[in-house]
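Working notes for the structure below.
And the structure:
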């Protein structure tokens with residue numbers, strides 16, 4: 001054996017082929033010390049490769065697929081990486097569509113989850129994550145962007161409810177579909193999806209949180225007057241203000257403060273969250289997908305009673321309403337920036353503009369459901385009032401998630417262009 005090693009050390013592998021009898025142990029490829037000793041003294045000599053007989057060019061994995069000796073990946077699994085990349089880049093819309101599909105295919109589990117109020121826990125989880133990821137500097141950024149927040153609240157609570165009058169001019173049977181969408185337009189912004197989408201878009205998440213909290217807390221005081229003025233033609237509407245206010249405090253404000261306190265109390269936790277922000281964004285998206293899953297599961301029986309063509313018209317009307325909100329708020333941003341500094345305006349700052357556009361253009365479904373339940377059938381069948389709003393709620397989240405994905409891809413392209 002010693003003589004064999006000495007021969008290997010003196011003769012380069014390029015001029016000698018070593019044949020090992022069967023049963024001779026093969027050395028791992030990382031034992032590449034069996035190279036020409038001359039590399040330490042002559043730089044112009046080529047570096048010898050490991051002994052040729054030790055290489056295994058035709059390696060296969062446990063499934064019998066050929067393994068690339070360089071990358072170590074199976075040639076038969078080349079499709080895995082593109083699928084994983086697509087799933088990562090479109091995680092939120094895929095999660096939402098998956099929740100809808102699961103609710104339609106097997107509603108029993110979603111109904112069980114709704115019976116135990118899992119949606120409250122999902123919203124609680126989203127706002128704990130928001131508190132954990134909320135940097136102190138972000139709070140300063142929200143305070144700096146206070147004019148954007150003020151106009152966002154005006155848009156959410158005072159301007160967009162006016163669109164309910166235009167919606168009521170539509171003729172559709174059952175009429176509850178139109179009335180439900182009109183009530184939906186009077187609601188404050190979404191409890192969680194606007195914040196989650198703002199985080200995914202890299203926007204001013206603290207500003208989004210501020211607009212969400214304030215609009216919902218003030219919204220439960222303003223919504224009854226909006227419904228009375230724009231929909232009920234002056235007829236008083238009883239809304240459970242105390243119960244709604246208590247529920248919003250427990251599901252929004254408490255978890256947000258708890259998450260922030262945990263972040264500031266444990267430095268290691270803050271570092272871990274900052275290093276895994278993408279993971280926490282995906283977890284927030286999963287929590288968000290639980291809401292449409294339960295809503296679709298609960299409404300499936302009513303959905304099957306309505307003619308598909310009529311329901312498709314209601315879905316289109318809800319989608320059109322969201323497009324109008326997006327266009328109106330985009331025009332608002334452009335107009336306010338034009339009169340307040342142009343390209344240097346705080347309204348046109350990318351982080352503030354994305355938060356304003358996403359949060360101010362969405363409407364919340366849980367508050368709408370709570371209001372409808374208190375109406376006692378004054379505007380029609382409660383289930384039919386809520387059903388088109390479920391679709392509208394899903395539409396706005398899915399449409400905005402694709403919009404955020406478009407912004408993300410555009411930002412990557414611009415970054416790559418700068419690097420090149």
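In the UniProt record's numbering, the protein residues as written are 1 to 420.
C-beta atoms are modelled at their ideal positions from N, C-alpha and C, and glycine is treated no differently.
Owing to the predicted nature of the structure, the values given are computational and were not obtained by experimental measurement.
Contacts around residue i, its chain only, beta-carbon distance under 6 angstroms, and the 5 residues preceding and following it disregarded
| i | result |
| --- | --- |
| residue 319 | 395 |
| residue 72 | Only weak support exists for where residue 72 lies, its pLDDT of 46 falling under 50; the value from the coordinates is given anyway. Nothing listed; no residue qualifies. |
| residue 363 | 184 and 187 |
| residue 190 | 362 and 364 |
| residue 421 | No answer is possible for residue 421: the residues shown for the chain start at 1 and end at 420. |
| residue 393 | 365 |
| residue 354 | 201 and 203 |
| residue 170 | 178 |
| residue 407 | 201 |
| residue 63 | Because the pLDDT at residue 63 is just 44, under 50, the model does not fix this residue reliably, and the value given afterwards should be weighed accordingly. There are no such residues. |
| residue 174 | 384 |
| residue 87 | none |
| residue 341 | none |
| residue 222 | 157 |
N- and C-terminal bounds of the alpha helix (DSSP H) containing residue i
| i | result |
| --- | --- |
| residue 120 | 118-132 |
| residue 381 | Premise fails: residue 381 is in no alpha helix (DSSP H) and is neither H nor E. |
| residue 290 | 277-305 |
| residue 163 | 163-167 |
| residue 200 | 193-200 |
| residue 96 | 91-105 |
| residue 263 | 254-265 |
| residue 188 | Unbroken run through residue 188: none, as it is neither H nor E. |
| residue 206 | 205-230 |
| residue 153 | 146-154 |
Distance CB(residue i)-CB(residue j) smaller than 8 angstroms
| i | j | result |
| --- | --- | --- |
| residue 192 | residue 245 | no |
| residue 404 | residue 299 | no |
| residue 123 | residue 251 | yes |
| residue 93 | residue 414 | no |
| residue 253 | residue 131 | no |
| residue 465 | residue 109 | Not covered by the structure: residue 465. The range shown for the chain is 1 to 420. |
| residue 336 | residue 163 | no |
| residue 397 | residue 280 | no |
| residue 196 | residue 285 | yes |
| residue 91 | residue 344 | no |
| residue 390 | residue 295 | yes |
| residue 125 | residue 272 | no |
| residue 230 | residue 165 | yes |
| residue 302 | residue 119 | no |
| residue 297 | residue 82 | no |
| residue 321 | residue 167 | yes |
Other residues of its chain near residue i: CB distance less than 7 angstroms, five sequence neighbours each side excluded
| i | result |
| --- | --- |
| residue 147 | 346 |
| residue 326 | 357 and 361 |
| residue 277 | 133 |
| residue 145 | 204, 207, 346 and 352 |
| residue 160 | 185 and 325 |
| residue 21 | With a pLDDT of 45 at residue 21, under the threshold of 50, the modelled position of this residue cannot be trusted, and the question is left open. |
| residue 338 | none |
8 angstroms Cβ shell around residue i - same chain, five flanking residues per side excluded
| i | result |
| --- | --- |
| residue 411 | 202 |
| residue 216 | 188, 189, 191, 248, 252, 364 and 367 |
| residue 24 | Note that residue 24 scores a pLDDT of 45, beneath 50, so its modelled location is shaky; the value from the coordinates is reported in the next line. Taken in chain order, the list of residues that qualify is empty. |
| residue 333 | 347, 348, 353, 356 and 357 |
| residue 172 | 178, 310, 313, 314 and 317 |
| residue 269 | 132, 262 and 263 |
Quick check: the segment 141-158 against the segment 348-368, are there 3 or more CB pairs under 8 angstroms? yes
For the segment 205-215 against the segment 171-182, do three or more pairs of beta-carbon atoms, one drawn from each stretch, fall closer than 8 angstroms, so that the two count as touching? no
Are at least three pairs of beta-carbons, each pair with one atom in the segment 307-318 and one in the segment 96-115, less than 8 angstroms apart? no
Taking only runs of the alpha helix (DSSP H) that begin and end inside the segment 308-373, which ones reach a length of at least 4 residues, in chain order? 308-338 and 350-360
Counting pairs of beta carbons, one from the segment 108-119 and one from the segment 258-272, are three or more of them closer than 8 angstroms? no
Are three or more beta carbon pairs between the segment 134-144 and the segment 200-207 nearer than 8 angstroms? yes
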